[in-house]
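Chemist:
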Amino acid sequence: MKEFTRKAIWIMQQIPEGKVMTYGSVARYAGSPRGARQISWILSSMTEKYHIPWQRIINSKGEIAIQDEQGKWMQKTMLEEEGVVVIGFRIDLDVFLWDTTQVAYDINNNVQ
DNA sequence: TTAGTGACAGGCA
DNA sequence: CTGCCTGCCACTA
């Protein structure tokens, strides 16, 4: 397994409940700015083994990207259960995107 | 070794 | 806003 893959898995495991990340941002933090498609591969092949919160990964448009109709609804439901507002299959990235600056914001404002 | 495969991203019409 | 197109890259057969 490449370092990129290891890092990507670790990063996704850090995403807190109620927050989401995009394929592209995970790839960037993992050191491969253009490796977004690898993230989808990781999610579809090793979510169980590494306990990755797969439902917190969405595309750059803020939409649930999974193709399977049933899977889409499952992801939507799981996100809503942890407090993410999902309109149709879209999420407001300005509110729910998680990144390092968001972490600093949460700490400074005592927000969970 | 090579061609095919994505739960993508970003630019453009 | 909605497609369409191209670049991408780790993995697989």
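Be aware that the first sequence starts at 16, since it is given in my numbering, and climbs by one per residue.
Cβ atoms here follow ideal geometry from the backbone N, Cα and C, with glycine treated the same way.
Predicted, not measured: the structure shown is a model, and the values here were computed from it.
When DSSP builds the beta bridges, which residues end up paired with I102?
Modeler: In DSSP, I102 forms a bridge with R105.
Chemist: Identify every run of the alpha helix (DSSP H) within the stretch 16–93, keeping only runs that are complete inside it and at least 4 residues long; order them along the chain.
Modeler: Entirely contained in the stretch 16–93, the alpha helix (DSSP H) runs reaching 4 residues are, in chain order, 18–29, 38–44 and 51–61.
Chemist: Identify, in the order they occur along the chain, each residue of the same chain with its Cβ nearer than 7 Å to the Cβ of L108, setting aside the five sequence neighbours on each side.
Modeler: Cβ neighbours of L108 beyond the five flanking positions: G77.
Chemist: Indicate whether I79 and Q90 have their beta-carbon atoms separated by less than 9 Å.
Modeler: Result yes, Cβ atoms of I79 and Q90 sit closer than 9 Å.
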